[in-house]
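So the structure is just underneath, and the comments pick up after that.
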Amino acid sequence: MLNGALLVVSGLLALGACSPTYNWRDLRPEGTPLQALMPCKPDLAERTLPLAGVPTQMHMHSCEAGGQTFAVGWAAVAAEADVTEVLAGWRAGSLAAIRVDPASAAEANADWPVTVQGADQLQGLQATGQDLQGKAVQMRGAYFAKGTQVFQAAVYGPTLPDEVLTTFFEGLRLP
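According to the numbering used here, the sequence shown is numbered sequentially starting from 1079.
Below you can see the structure in the form of structure tokens.
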């Protein structure tokens, strides 16, 4: 009888392991060579925003899991665009979104060491700011490019577990 109870408990534990907080899945945004891992099924939003002063069609996949928001975005910029300037502007916009002055962030050593396989250019960012409700929010982001396509991958939340950051950012790949 004890063996039967142990078998039932083991089975229930195994079923619980099948529904994790982070349900990692492949994301391959249409129109780009990027491969990414998302911990939840992302929604897609598209809108035109100025990048380096030029109206640009932005594509953003995002979702929430474990109390964090995960985002992967991209845009194609004109061949004559200064990609470094575009990435820096995107970083500054991300800081402003969490109420951090980009000038003070530069002084506070907001650079974050991150790698993205296959990226031509890469800028990492770490910051602590405030969400729309005024609560503390941390963020880690990678701003990178391949040719004239620019990308952002970011995680926002009150806490950012190292293992989650590692899985998310190591899942980013460009050929």
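Glycine is no exception: its CB is placed at the ideal position from the N, C-alpha and C atoms.
Anyone know if the C-beta pair for residue i and residue j falls short of 8 Å?
i, j, result
"A1130", "V1178", "no"
"Q1135", "T1126", "yes"
"G1207", "D1189", "no"
"A1045", "Q1199", "Given that the chain is displayed from residue 1079 to residue 1253, the structure contains no residue 1045 and the question cannot be resolved."
"V1215", "G1235", "yes"
"L1122", "V1150", "no"
In the DSSP assignment, find the unbroken alpha helix (DSSP H) run with residue i in it and report its ends.
i, result
"V1164", "V1161 to A1175"
"D1240", "D1240 to E1248"
Report the residue from the options whose alpha carbon sits nearest the alpha carbon of residue i.
i, options, result
"Q1227", "L1238, A1153 and E1241", "A1153"
"R1218", "G1225, P1253 and R1169", "R1169"
"R1251", "A1114, C1141 and E1108", "A1114"
"H1137", "A1231, G1235 and P1098", "A1231"
"V1192", "K1119, T1244 and R1103", "T1244"
"V1155", "G1145, T1110, K1119 and G1171", "T1110"
"R1103", "G1225, C1141 and Q1204", "C1141"
"N1101", "D1209, E1108 and M1116", "M1116"
"G1145", "G1167, P1107 and D1209", "D1209"
"Q1204", "K1119, G1225 and I1176", "I1176"
Between which two residues does the beta strand (DSSP E) harbouring residue i extend?
i, result
"T1134", "V1132 to A1143"
"A1232", "Q1227 to G1235"
"Q1216", "A1214 to K1224"
"V1150", "Q1146 to A1154"
"E1124", "D1121 to L1129"
"L1105", "R1103 to L1105"
"L1252", "Where L1252 is concerned, there is no enclosing beta strand (DSSP E), given that its DSSP letter is neither H nor E."
Reducing DSSP to helix, strand and coil, say where residue i ends up.
i, result
"A1188", "coil"
"A1197", "coil"
"L1091", "At L1091 the pLDDT is 36, less than 50, meaning the model places this residue with poor confidence and gives no usable figure here."
"P1180", "helix"
"T1206", "strand"
"P1098", "coil"
"R1157", "It is Ala, not Arg, that sits at residue 1157 in the sequence shown. DSSP places A1157 in coil when its eight states are reduced to three."
"Q1211", "coil"
"L1115", "strand"
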